[in-house]
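Working notes, beginning with the structure itself.
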Amino acid sequence: MSTVRTRFAPSPTGYMHIGGMRTALFNWLWARHNGGQFILRIDDTDQQRNIDAAIGPILGAFRWLGLDWDEGVEVGGPHGPYFQSQRGELYRAAAARLLDQGLAYLCYSTPEEIAADRAAAEAEKRQYVHLRRSLDLTESQLQQYQEENRPHVVRFLMPRDEMIVIDDLIRGRVEFDPNLISDPVIMRADNTPLYNFATVIDDAHAEISHVIRAEEHLSNTPIQLRIHEALGHTPPLFAHVPYVAAPGTKEKLSKRKLDKYRNNPQFKRLFDRADEVFPKIGLEGSAGLDPVMVEYYERMGYLPEAMVNALARLGWSLDDKTEIMSRQTIIEHFTLDRVIKSPAGLDPDKLLSYQVHWMGELSGVEKLDACLPYLTAAGYVNDPPDQAVRQFVGRLIAALADRLKVFSDIVDYDEFFVADDALQYDEKAFEKRITKTDDAVELLTKFRSVLETVEPFDAANLETALKAFVEEQSTNMGRIIHALRIAVTGKPAGPGMFDCLELLGRERCVKRIALALARVS
RNA sequence: GGCCCCAUCGUCUAAUCCGGUUAGGACACCGGGUUUUCAUCCCGGCAAUAGGGGUUCAAAUCCCCUUGGGGUCACCA
């Protein structure tokens with residue numbers, strides 16, 4: 002039994018797409034499930050200028066999600082280098098071999114000639130297939146061209162004799178007619194390789210056992226299969242996973258359609274949230290980080306556990322009911338035969354429900370450490386936060402409980418950090434609960450005096466005090482508690498009222514009530 | 001357009017390979033309960049085999065056609 006070796010080979014584009022991440026995850030999962038290796042290679046056949054900036058966010062996404070790689074960029078390994086741009090010799094040698102054996106040929110057809118051939122075919126309503134004109138060149142012509150240094154590419158000579166059969170691990174048996182496939186260019190005129198060629202060399206060289214990739218590569222597979230054979234490789238097994246669709250659609254999720262997604266009801270909420278949260282923490286908003294990127298979720302404060310759980314469930318299931326799965330559980334059960342064939346739309350609501358679950362597994366300290374950076378970035382607390390801040394935020398997080406769904410939610414609770422006279426009020430709620438509730442002012446005024454004497458000033462004791470107060474005034478909780486909440490926090494919703502009071506402390510509560518009272522008149 | 005892939009609740013999916021389920025679960029939504037608010041939590045409800053032909057005692061499941069969606073046809077990856 003040979004080892005399972007999978008790979009993910011992103012091009013250095015500077016961002017990590019959600020769909021690509023899901024494909025990477027499946028590769029990683031399959032390797033881990035089988036105790037094999039996962040390789041991270043960079044497909045930069047086009048020379049890249051700022052490679053570090055271009056791969057940084059990609060590696061960052063892998064690290065965030067905890068997808069480690071056994072060989073590849075940064076970690077090295079026995080099959081390096083792991084940048085295609087540094088493997089030129091390998092490709093040139095392979096091309097030379099193919100040329101020697103007559104399995105590839107120099108193609109001198111100019112782009113104009115090819116365009117003309119294509120136009121002619123179209124005019125006759127015939128399917129265009131590359132004409133192999135250069136095969137008809139005489140020995141002397143070839144020699145002459147070579148002496149002239151005439152520009153040429155190398156084309157792989159597609160064997161036309163039999164149907165190409167792919168036994169795809171996900172899609173089953175798929176057949177292609179080679180007579181319909183043009184001889185692919187494998188080396189450009191500048192002697193650099195094309196993807197279809199480079200990937201074959203690299204996969205074989207790295208002894209990749211399973212090529213798990215997006216289904217748009219299915220039509221490249223017959224070519225790659227034949228190139229593998231021509232080179233004498235045992236081809237890897239192929240598994241083509243469906244693409245990830247935009248929420249509620251069957252359309253492939255694409256960064257080029259961002260503007261359209263702003264009108265997608267589910268995505269719209271994510272964009273809006275980005276515009277709300279990111280500027281507060283010194284980022285650009287949805288124009289800089291959008292929900293097609295993995296980084297969006299990281300910056301927003303989603304948990305890697307939630308993301309992995311959600312991504313794994315996109316096109317794969319464990320059984321008929323298991324939804325919540327840890328990384329270990331997923332690794333244990335992940336198999337390619339349970340990957341579905343049809344595209345799946347990312348569902349932000351479902352992602353959030355996983356998030357709520359995994360957030361619930363965290364300890365207070367873990368939440369604290371994750372929330373603090375948001376508060377310092379927003380300027381709500383000192384940087385670095387001192388012990389008093391840590392303690393206060395820790396208590397706030399405890400009071401927030403399940404209300405904190407993603408870490409960045411913490412910046413919504415500015416009322417616990419701003420100066421009393423800078424408190425923002427929800428005007429509608431203020432009006433309803435204070436201005437237009439006839440005895441609110443009176444009750445607030447009286448209860449303020451009570452607050453001045455409550456000792457100790459903690460939630461339990463405050464609750465007792467308020468109950469006694471309500472009884473004494475022959476009123477009910479509802480008459481005062483809402484008014485109190487608005488007066489003290491400015492908002493109609495939030496943590497338990499008594500927790501809010503305790504958190505703020507006597508002095509601030511008393512002052513805020515006075516401030517609110519002053520607003521009425 | 002050629003070639004290839006796909007098709008179950010609004011969404012993610014189970015059951016499809018190997019025909020027999022009241023077509024199951026989750027998210028969302030709606031209703032109820034818990035809660036001082038919000039959030040959580042608990043209970044209940046709504047809701048699907050794209051259409052048409054076959055084969056069969058029996059079809060979501062096998063076959064064919066139609067329709068719809070998607071991918072791909074580069075000196076991109």
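Mapping of the first sequence onto the working numbering: residues 2 to 522, in sequence order.
Ideal Cβ placement from N, Cα and C applies to all residues, glycine included.
Is residue i helix, strand or coil when you go by DSSP?
| i | result |
| --- | --- |
| W359 | helix |
| E393 | The sequence shown places Phe at residue 393, rather than the Glu named in the question. Three-state DSSP puts F393 in a helix. |
| H234 | coil |
| K253 | strand |
| H39 | The question names His, yet the displayed sequence has Phe at residue 39. It is a strand residue. |
| D350 | helix |
| Y129 | coil |
| R334 | According to the sequence displayed, residue 334 carries His and not Arg. The answer is helix: DSSP assigns H334 an H, G or I state. |
| L107 | strand |
| G78 | coil |
| R93 | helix |
| A246 | strand |
| A517 | helix |
| F499 | helix |
| A494 | coil |
Nearest to residue i by CA position, among the options, is which residue?
| i | options | result |
| --- | --- | --- |
| F417 | E333, E473, P457 and L504 | L504 |
| P280 | D203, M188, M301 and P266 | M301 |
| S364 | A389, L352, I398 and V340 | I398 |
| V295 | D44, S12 and F63 | F63 |
| A441 | I40, S522 and G77 | S522 |
| A345 | T250, G479, N180 and E472 | T250 |
| E163 | S3, V154, Q425 and I182 | I182 |
| I341 | L352, T330 and S318 | S318 |
| R93 | I187, A400 and G61 | I187 |
| A25 | E125, G67, N51 and D500 | G67 |
| D422 | L518, F470, P13 and L353 | L518 |
| L337 | G316, T14 and D184 | G316 |
| H153 | Q145, A190 and R127 | A190 |
| D178 | Q128, E208 and Q147 | Q128 |
| L424 | Q388, T446, R520 and L444 | R520 |
| H80 | L41, A55 and A121 | L41 |
Measure the C-alpha to C-alpha separation of residue i and residue j and round it to an integer number of angstroms.
| i | j | result |
| --- | --- | --- |
| Y303 | F408 | 7 Å |
| L516 | E428 | 14 Å |
| F448 | P457 | 16 Å |
| V394 | V412 | 11 Å |
| L485 | D276 | 31 Å |
| A246 | I332 | 24 Å |
| R257 | Y244 | 15 Å |
| K269 | T46 | 36 Å |
| G21 | P292 | 13 Å |
| L502 | Y414 | 14 Å |
| A603 | L91 | Outside the shown range of the chain, which is 2 to 522, sits residue 603, and nothing can be said about it. |
| R174 | A116 | 34 Å |
| V155 | L107 | 5 Å |
| A494 | Q329 | 38 Å |
In or out: residue i buried (at least 16 other Cβ within 10 Å) or exposed?
| i | result |
| --- | --- |
| T465 | exposed |
| R434 | buried |
| P248 | buried |
| N28 | buried |
| K492 | buried |
| R227 | buried |
| A10 | buried |
| S220 | exposed |
| S450 | exposed |
| P236 | buried |
| Q102 | exposed |
| S3 | exposed |
| M360 | buried |
| P160 | exposed |
| L352 | buried |
| L136 | exposed |
| N265 | buried |
Per DSSP, what are the beta-bridge partners of residue i in this structure?
| i | result |
| --- | --- |
| P179 | In DSSP, P179 forms no bridge with anything. |
| M188 | V155 and P194 |
| D168 | R174 |
| E72 | I40 |
| V212 | F239 |
| M294 | H18 |
| R8 | I40 |
| W317 | V340 |
| F84 | I43 |
| A345 | V245 |
Going by the C-beta, is residue i closer than 7 Å to any heavy atom of the ligand ATP?
| i | result |
| --- | --- |
| G67 | For the ligand ATP, the structure offers nothing, since it holds no ligand at all. |
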